[in-house]
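Listed in order, the protein sequences are those of chains V and W. My numbering puts the first sequence at residues 1 to 359. My numbering puts the second sequence at residues 360 to 718. From the three backbone atoms N, C-alpha and C, an ideal C-beta is built for every residue, glycine too.
2 protein chains.
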Amino acid sequence: MTDRLNVCIIGSGNWATTIARNVGNNVARSQLLEPKVNMYVYEEYIDGRKLTDIINTTHINVKYMPDYVLPSNVVAYDDVVATARDADILIFAIPPTFVNSCCKTLLGKVKPMAHAVSLIKGFEHGDDGQIILISHLIMRQLKISCSVLVGCNLAHELANNHFAEGTIGCRDQKHMRILHDLFQSETFRCVVTDDADCVEICSTLRNVIAFGAGLADGMDLNENTKASIIRRGFLETLQFVDVFYPGSRLATFFESCGLSDLVTSCYANRNRKLAEAFVKTGKPLSELEHMLIVGHEPLGPITAEMVNIMLKKKGLEEKFPLFTVIYRICAGIYPLSRLLETLRFAREDIYHPNHIFQL
Amino acid sequence: MTDRLNVCIIGSGNWATTIARNVGNNVARSQLLEPKVNMYVYEEYIDGRKLTDIINTTHINVKYMPDYVLPSNVVAYDDVVATARDADILIFAIPPTFVNSCCKTLLGKVKPMAHAVSLIKGFEHGDDGQIILISHLIMRQLKISCSVLVGCNLAHELANNHFAEGTIGCRDQKHMRILHDLFQSETFRCVVTDDADCVEICSTLRNVIAFGAGLADGMDLNENTKASIIRRGFLETLQFVDVFYPGSRLATFFESCGLSDLVTSCYANRNRKLAEAFVKTGKPLSELEHMLIVGHEPLGPITAEMVNIMLKKKGLEEKFPLFTVIYRICAGIYPLSRLLETLRFAREDIYHPNHIFQL
Numbered sequence: 001m002t003d004r005l006n007v008c009i010i011g012s013g014n015w016a017t018t019i020a021r022n023v024g025n026n027v028a029r030s031q032l033l034e035p036k037v038n039m040y041v042y043e044e045y046i047d048g049r050k051l052t053d054i055i056n057t058t059h060i061n062v063k064y065m066p067d068y069v070l071p072s073n074v075v076a077y078d079d080v081v082a083t084a085r086d087a088d089i090l091i092f093a094i095p096p097t098f099v100n101s102c103c104k105t106l107l108g109k110v111k112p113m114a115h116a117v118s119l120i121k122g123f124e125h126g127d128d129g130q131i132i133l134i135s136h137l138i139m140r141q142l143k144i145s146c147s148v149l150v151g152c153n154l155a156h157e158l159a160n161n162h163f164a165e166g167t168i169g170c171r172d173q174k175h176m177r178i179l180h181d182l183f184q185s186e187t188f189r190c191v192v193t194d195d196a197d198c199v200e201i202c203s204t205l206r207n208v209i210a211f212g213a214g215l216a217d218g219m220d221l222n223e224n225t226k227a228s229i230i231r232r233g234f235l236e237t238l239q240f241v242d243v244f245y246p247g248s249r250l251a252t253f254f255e256s257c258g259l260s261d262l263v264t265s266c267y268a269n270r271n272r273k274l275a276e277a278f279v280k281t282g283k284p285l286s287e288l289e290h291m292l293i294v295g296h297e298p299l300g301p302i303t304a305e306m307v308n309i310m311l312k313k314k315g316l317e318e319k320f321p322l323f324t325v326i327y328r329i330c331a332g333i334y335p336l337s338r339l340l341e342t343l344r345f346a347r348e349d350i351y352h353p354n355h356i357f358q359l
Numbered sequence: 360m361t362d363r364l365n366v367c368i369i370g371s372g373n374w375a376t377t378i379a380r381n382v383g384n385n386v387a388r389s390q391l392l393e394p395k396v397n398m399y400v401y402e403e404y405i406d407g408r409k410l411t412d413i414i415n416t417t418h419i420n421v422k423y424m425p426d427y428v429l430p431s432n433v434v435a436y437d438d439v440v441a442t443a444r445d446a447d448i449l450i451f452a453i454p455p456t457f458v459n460s461c462c463k464t465l466l467g468k469v470k471p472m473a474h475a476v477s478l479i480k481g482f483e484h485g486d487d488g489q490i491i492l493i494s495h496l497i498m499r500q501l502k503i504s505c506s507v508l509v510g511c512n513l514a515h516e517l518a519n520n521h522f523a524e525g526t527i528g529c530r531d532q533k534h535m536r537i538l539h540d541l542f543q544s545e546t547f548r549c550v551v552t553d554d555a556d557c558v559e560i561c562s563t564l565r566n567v568i569a570f571g572a573g574l575a576d577g578m579d580l581n582e583n584t585k586a587s588i589i590r591r592g593f594l595e596t597l598q599f600v601d602v603f604y605p606g607s608r609l610a611t612f613f614e615s616c617g618l619s620d621l622v623t624s625c626y627a628n629r630n631r632k633l634a635e636a637f638v639k640t641g642k643p644l645s646e647l648e649h650m651l652i653v654g655h656e657p658l659g660p661i662t663a664e665m666v667n668i669m670l671k672k673k674g675l676e677e678k679f680p681l682f683t684v685i686y687r688i689c690a691g692i693y694p695l696s697r698l699l700e701t702l703r704f705a706r707e708d709i710y711h712p713n714h715i716f717q718l
C-alpha cells in the first residue's frame with residue numbers, strides 16, 4: 001500500500017501522447033505520485049501487431065506520434081476500466097464525441113474520490129441547443145469532480161520542446177499544486193486558476209473569433225481589421241462569460257487560455273484557414289470542413305451556431321454583434337460584406353469591461 | 360463673425376495629410392465648424408515650385424502623399440503663426456523633435472481658449488530620464504489643453520479607405536463630440552475616452568512589446584511564444600500605467616489604442632521588423648535603425664531604455680520582467696536566450712489585473 005497518487009491517461013491521439021511524455025517524466029520525479037502511468041489506447045493493428053504491444057515494447061506511438069519516444073513508465077492498455085480502476089487522477093484526452101460512451105463504461109468502476117482532468121477541445125450539444133462544457137459532462141456522467149487543461153493548440157510544438165503555456169482550471173483546491181506539477185515541463189509553463197468554467201469556455205469561443213479573422217483574411221482585409229476582430233471578439237468573450245458563466249474573474253482572460261490562445265488562433269489556427277478557404281473558394285462549409293480539419297478541433301461555424309442559440313434565447317444577439325454576424329455569414333443569412341459593416345457601425349459601448357465587471 | 364469653431368492642422372507629412380482628408384471632408388459637412396482648414400506646411404521647393412503653392416493649386420501633397428487628392432477647403436500655409444492664429448482646435452501632426460520649437464513659436468499667438476490635439480507618435484525625453492508624453496509637452500509649452508488621437512499606425516491604409524480604428528483621449532469634456540466628428544470617417548471609426556494619459560502611453564509601450572515579438576520572430580520561435588509575449592506585454596502595460604499614470608481605467612486597454620494596436624504592432628510594425636533584423640543579421644541596432652525606420656515611429660529600443668530608467672528609479676525592474684529583459688537585450692547586457700528564459704521562469708502572479716485594478 002502507498003499514499004502516492006495514481007495517474008492514468010485515457011486517450012492515445014497526438015495530444016494524449018504528447019502530454020503523456022510530460023506526465024510520465026513528472027511522475028517519475030515526484031514523491032507524491034505513483035511512478036507508473038496507465039494509458040488507455042484504442043486498440044488497432046499496425047502491420048499485424050497490436051498498437052498497445054508496439055507502444056509497450058518500442059515506447060513509440062507509431063500511429064499518432066511516430067517521431068517521439070514515450071517514457072517507459074507509461075504503459076498502454078486496451079481496456080479502459082483496467083486502465084482507470086486504481087487511478088486517483090484520470091486525464092481525459094479523447095475526441096469529444098467519445099466522452100459519453102467512455103464515461104458510461106467507467107461509471108462505478110473508478111475510485112469514488114478520483115479526480116478527472118479534461119484535455120478535450122470541444123463541447124457537447126445540449127438538448128436545448130446550449131453548449132455543455134466537456135468537464136461538466138464528465139462530472140455529470142462519472143459523478144466525480146473534473147478540472148481542465150487548456151492551451152497550446154499545437155501538440156507538435158509541445159512535442160518538439162518549443163515554448164508553450166497552458167492554463168489549468170482546477171475544481172478541487174487540494175489538487176491545484178499536484179496538477180501543476182503533473183503537466184508543467186521546462187518548455188510548457190502551466191498556471192493554475194480555480195476559474196474552470198471561464199478557462200474552458202474561452203478556449204471554445206476563440207474558434208468563433210478565429211473563424212471571423214479568417215473571413216477577414218479571405219477578403220484580403222487589412223491588419224487593422226483583423227486586430228479589430230480580435231479586440232471585439234475578446235470583449236464579446238468577456239461579456240458572454242459574464243452572462244452565461246457569472247462569477248468568473250477578469251484575470252482569467254489574461255491567462256494563456258484567454259488572450260494568448262485567441263491571438264494564436266487568429267493567426268495560425270485551422271478555423272482561420274477554414275474561413276479563408278470559405279471566402280476564397282466560394283465552396284460550402286460542409287465541403288471544406290472535411291478538407292481542412294484533421295483531428296477534433298471544434299469548428300468555428302458549429303460553435304457560432306450554438307453560441308447564437310444561447311444568445312437568441314436571451315434576446316441578446318444585438319449585444320454580441322461580432323458573434324452574431326459570424327454566425328449569420330456561416331448560415332448564409334448575411335453576405336460577407338456584413339462583417340466589415342458590423343465593425344464599422346455596431347455599437348460597442350454596451351459591453352465595456354468596466355461595466356461588466358464593475359471595476 | 361461666426362460661432363463656428365476654426366480648425367487648423369500643423370504638419371504636412373503623410374499622417375498629417377491623410378488626416379487632413381478626413382478633417383477637410385468633415386468640416387465641410389458640419390454646422391459647428393468653419394469650412395476652411397488651414398494647414399501648416401514646412402516649405403520646400405519641388406522642381407522649383409513651392410510645396411504650398413502646389414498643394415493650393417493641385418490639392419496634392421506631392422512630397423508626402425502624391426497619390427491622394429486633398430479636399431479643396433484644406434489650404435496650405437508656410438507660416439505656422441498665420442496657420443494657427445484663428446484656430447479653436449489645433450491638430451498637431453509633426454515629428455516629436457519639432458514640438459518644442461513649434462510651441463515656442465506659437466506661444467502667446469494662439470487663442471487662449473484654443474484646444475490642441477496631438478497625433479504625434481513618440482515622446483519627449485525628460486531631464487530625469489522619464490518619458491514626457493507629447494500632449495503633456497504641448498500643454499506645458501503652449502498653456503492650452505491637449506487631447507490625443509491614437510491608432511491606425513498605417514497612414515496608407517487609412518488613405519486607401521481600408522478599415523481602421525482610432526482612439527481619442529480627450530482632455531476637455533466639451534470637445535468630446537466635436538473631436539469625434541472631426542476625425543471619424545466611413546472607414547475610420549473613432550472612440551472617445553477621457554483617459555488621455557492611458558491612451559497615449561499604451562501607444563508608446565506597444566513599440567517595446569513589438570520589438571520583443573520581433574526578437575522571437577528573429578530567433579524563429581513559435582506562435583505560442585509570440586502570443587505569450589503579447590499577453591505578458593499587455594499585463595505589464597496595465598501594471599506600468601497603474602504605477603506611473605494612476606487612475607486610468609481598464610476599459611481603455613480594450614480600445615483600439617490598447618489591444619488592437621498591440622496585436623497589429625506585434626505582427627506588422629517596423630519595430631518588430633527591426634528586432635527581427637537585429638537577431639538575423641547580428642548587426643548593432645544603431646546601424647539597423649537607419650536602415651529600417653522611415654518616418655518618425657518611436658523606436659522600441661529607446662522606449663525600452665526610458666521605461667527601464669523609470670522602473671529602476673522605483674526599484675521595479677523585477678516586477679516588469681518582459682520590459683526589463685527586452686531593454687537588457689537591446690543594451691547588450693543579456694544574450695538573446697534570456698528572452699525565452701524570462702517567459703519560462705519569471706513570476707507573473709504579482710501583476711494580475713484583479714490585483715492591480717482591485718476588481
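Own chain partners of residue i with C-beta closer than 6 Å, once the 5 adjacent residues on each side are dropped
{"i": "W:T683", "result": "E676"}
{"i": "V:F320", "result": "E236, L311"}
{"i": "W:N584", "result": "The sequence given here places Thr at residue 584 of chain W; Asn does not occur at that position. Cβ neighbours of W:T584 beyond the five flanking positions: A575."}
{"i": "V:I131", "result": "F123, M306"}
{"i": "W:R548", "result": "E524"}
Delimiting residues of the alpha helix (DSSP H) encompassing residue i
{"i": "V:C202", "result": "196 to 218"}
{"i": "V:P301", "result": "300 to 313"}
{"i": "W:T623", "result": "620 to 627"}
{"i": "V:R344", "result": "338 to 345"}
{"i": "W:E516", "result": "514 to 518"}
{"i": "W:C462", "result": "458 to 465"}
{"i": "W:C549", "result": "Not the alpha helix (DSSP H): W:C549 falls in the beta strand (DSSP E), residues 547 to 552."}
{"i": "W:P394", "result": "Segment 392 to 399 is the beta strand (DSSP E) holding W:P394; no alpha helix (DSSP H) there."}
{"i": "V:M176", "result": "176 to 183"}
Other residues of its chain near residue i: CB distance less than 8 Å, five sequence neighbours each side excluded
{"i": "W:H714", "result": "Residue placement at W:H714 is poorly supported in this model, since its pLDDT is 44, which falls under 50; the coordinates are not used for a value here."}
{"i": "V:T281", "result": "L288"}
{"i": "V:A87", "result": "N6, V7, C8, N38, V110, K111, A114"}
{"i": "V:I46", "result": "I54, V62, K63"}
{"i": "W:F716", "result": "Here the model assigns W:F716 a pLDDT of 42, short of 50, so the residue's position is not dependable and the matter cannot be decided."}
Short Cβ contact (9 Å threshold) for residue i with residue j
{"i": "W:A514", "j": "W:T376", "result": "yes"}
{"i": "V:A84", "j": "V:Y40", "result": "yes"}
{"i": "V:V191", "j": "V:E223", "result": "no"}
{"i": "W:N381", "j": "W:F522", "result": "no"}
{"i": "V:F211", "j": "V:C103", "result": "no"}
{"i": "V:G11", "j": "V:A93", "result": "yes"}
{"i": "W:L580", "j": "W:L699", "result": "yes"}
{"i": "V:N100", "j": "V:Y64", "result": "no"}
{"i": "V:L343", "j": "V:V279", "result": "no"}
{"i": "V:V243", "j": "V:K314", "result": "yes"}
{"i": "W:V428", "j": "W:L465", "result": "no"}
{"i": "W:I378", "j": "W:L538", "result": "no"}
{"i": "W:T526", "j": "W:G592", "result": "no"}
Integer Cβ distance of residue i from residue j, believed to fall under 8 Å
{"i": "W:Y506", "j": "W:G528", "result": "It should be noted that the sequence gives Ser, not Tyr, for residue 506 of chain W. Contact flag correct, Cβ pair sits at about 6 Å."}
{"i": "V:I229", "j": "V:L288", "result": "With a Cβ gap of about 20 Å, V:I229 and V:L288 do not count as contacting."}
{"i": "W:R590", "j": "V:S203", "result": "Actually they are not in contact, since the Cβ atoms of W:R590 and V:S203 sit about 14 Å apart, beyond 8 Å."}
{"i": "W:G383", "j": "W:V433", "result": "4 Å"}
{"i": "V:A346", "j": "V:Y327", "result": "In fact, because the Cβ distance is near 14 Å, the residues do not count as touching under 8 Å."}
{"i": "V:P96", "j": "V:I134", "result": "6 Å"}
{"i": "W:G510", "j": "W:D620", "result": "6 Å"}
{"i": "W:T552", "j": "W:T611", "result": "6 Å"}
Cutoff 7 Å; reference residue i; Cβ partners in own chain excluding five residues on either side
{"i": "V:V241", "result": "C198, I201, S248"}
{"i": "V:I350", "result": "The predicted position of V:I350 is uncertain, since its pLDDT is 46 and thus under 50; no value can be drawn from it."}
{"i": "V:T52", "result": "V41, E43, A76, Y77, D78"}
Any non-hydrogen atom of the ligand ATP closer than 8 Å to residue i Cβ
{"i": "W:S544", "result": "Here there are no bound small molecules, and the ligand ATP is not part of this structure."}
Range of the contiguous beta strand (DSSP E) that encloses residue i
{"i": "V:P112", "result": "No beta strand (DSSP E) holds V:P112; DSSP gives it neither H nor E."}
{"i": "W:V428", "result": "424 to 428"}
{"i": "V:I19", "result": "Taken as a continuous stretch (DSSP letters only), V:I19 belongs to no beta strand (DSSP E), being part of the alpha helix (DSSP H) at 14 to 29."}
{"i": "W:N583", "result": "W:N583 -> not in any beta strand (DSSP E); alpha helix (DSSP H) instead, spanning 582 to 603."}
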